[in-house]
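A.B. asks:
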Amino acid sequence: DGGITQSPKYLFRKEGQNVTLSCEQNLNHDAMYWYRQDPGQGLRLIYYSQIVNDFQKGDIAEGYSVSREKKESFPLTVTSAQKNPTAFYLCASRTRQARWDGYTFGSGTRLTVV
Amino acid sequence: QQQVKQSPQSLIVQKGGISIINCAYENTAFDYFPWYQQFPGKGPALLIAIRPDVSEKKEGRFTISFNKSAKQFSLHIMDSQPGDSATYFCAASILTGANNLFFGTGTRLTVIP
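Note that the protein sequences, when read in sequence, are chains V and C. According to my numbering, the residues represented by the first sequence are 1 to 114, in order. According to my numbering, the residues represented by the second sequence are 115 to 227, in order.
The following block contains the structure:
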């Protein structure tokens, strides 16, 4: 089945640690996105990538980093510089050829700072 | 700055009733307006979408109404069912270019039997 796989489903981070969230898609989509979801704030864009080896900051990129070495993979690193990382993180992908939406979301990773 | 404003934040509807969620936007360059449905612990899934060249789009019990002059659009869920209980997000984007989606803050819908 084609889709987006995010792992792990739950992640716990200690203060001062960097953690990496995985996002893999087998949809042959060109563009990939990372969103952060907090209660009452909707989905906010962290980073996005339109093609391999290229990515741009979204609205809340501070304290996060990404890489796009393969078309299928777009990992997100939450660094120790992110002061309030506890949130639900969603990865999405989209084919650039689609005139309509074409966004497919993963099932998310819930990150908690302990 | 919230590009898309959504209300209400939460909504409780009796089974069989009509659920109405409203959204407003400022950027007149937006030309694509999708609605997403999200169940707890899951990612959002596309429910229905509309382009600004039509005023209404209906798919089953779900209808989008679009008012271009007022820069507002709304989701109507007819004959609401307990299985419709979820969080609903409106969104907007420009289909050309980066095509990033700008989301509303979400509405938690509860349909009581």
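Ideal Cβ positions, reconstructed from N, Cα and C, are used throughout, including at glycine.
Nearest-angstrom Cα distance between V/F105 and V/T86?
C.D. replies: 20 Å
A.B. asks: Any idea if C/G157 is buried or exposed, counting beta-carbon neighbours within 10 angstroms, 16 or more meaning buried?
C.D. replies: buried
A.B. asks: Sort C/G218, C/T201, C/N214, C/L215 by Cα distance to C/P154 and report the nearest one.
C.D. replies: C/T201
A.B. asks: In chain C, what lies closer than 7 Å to V/Q41 by C-beta?
C.D. replies: Residues of chain C with a Cβ closer than 7 Å to the Cβ of V/Q41 are, in chain order, T219.
A.B. asks: Does the stretch 73–86 of chain V come close enough to the stretch 116–135 of chain C that 3 or more CB-CB pairs lie under 8 Å?
C.D. replies: no
A.B. asks: Kindly provide the ranges of any beta strand (DSSP E) runs that are 3 or more residues long and lie completely inside the stretch 13–62 of chain V, ordered along the chain.
C.D. replies: 19–25, 31–38, 42–51, 54–57
A.B. asks: Compute the Euclidean distance between the alpha carbons of C/C137 and C/S124, then round it to the nearest angstrom.
C.D. replies: 13 Å
A.B. asks: Taking V/L45 and C/F203 to be in contact with their CB atoms under 8 Å, please state how far apart those CB atoms are, rounded to whole angstroms.
C.D. replies: Actually they are not in contact, since the Cβ atoms of V/L45 and C/F203 sit about 13 Å apart, beyond 8 Å.
A.B. asks: Just curious, the beta strand (DSSP E) that C/N136 is in, first and last residue?
C.D. replies: 133–139
A.B. asks: In the DSSP assignment, the beta strand (DSSP E) including C/I164 goes from what residue to what residue?
C.D. replies: 159–164
A.B. asks: Nearest to C/D145 by alpha carbon, out of C/G218, C/R222, C/A206, C/H190?
C.D. replies: That would be C/A206, whose Cα lies nearest to the Cα of C/D145.
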